[in-house]
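**Student:**
Numbering (the UniProt record's numbering), first residue to last: 1 to 107.
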């Protein structure tokens, strides 16, 4: 089990969660952030600092947002488990679920 970042993060990418993560398992994609399911240690440090309440324990993600647990895992299919996000920096791709979401309009 792991935490996942869900729909509210798309086009926001606040990154407060990255600063709180003690194991560097939160990676940046083109439109959203993703938690590596194998690198996450389930500490929960990221959840309370997310300003858009996008981080959930994987079994608690609202079903009407789609399969964000699968979406987070799919994001890592190309890169595997690099052992930390900091060395990679922002990656230019997103999961198919996040890529299919309507682009958020800046307010």
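All C-beta atoms in this analysis are idealised placements derived from N, C-alpha and C, irrespective of residue type, glycine included.
Taking a contact to mean a Cβ-Cβ separation below 8 Å, would you say residue 10 touches residue 101 in this structure?
**Tutor:** Here residue 10 corresponds to residue number 10 of the chain shown, with the count starting at 1. Here residue 101 corresponds to residue number 101 of the chain shown, with the count starting at 1. Cβ distance < 8 Å, so residue 10 and residue 101 count as in contact.
**Student:** Per DSSP, residue 28 forms a beta bridge with which residues?
**Tutor:** Start at 1 with the first residue of the chain shown, and residue 28 comes out as number 28. According to DSSP, which records beta bridges pairwise, residue 28 is partnered with 33.
**Student:** Between residue 28 and residue 49, how many whole angstroms is the CB-CB distance? I'm expecting something under 8 Å.
**Tutor:** Here residue 28 is taken as the residue at index 28 of the chain shown, counted from 1. Here residue 49 is taken as the residue at index 49 of the chain shown, counted from 1. Not really, about 16 Å apart at Cβ, beyond 8 Å.
**Student:** Would you report the Cα separation of residue 38 and residue 69, rounded to the nearest angstrom?
**Tutor:** Your numbering for residue 38 matches position 38 in the chain shown. Your numbering for residue 69 matches position 69 in the chain shown. Each residue's Cα considered, the two are about 12 Å apart.
**Student:** Specify the secondary structure class of residue 79 as computed by DSSP and reduced to three states.
**Tutor:** Along the chain shown, one-based indexing puts residue 79 at 79. In the three-state reduction of the DSSP assignment, residue 79 falls in the coil class.
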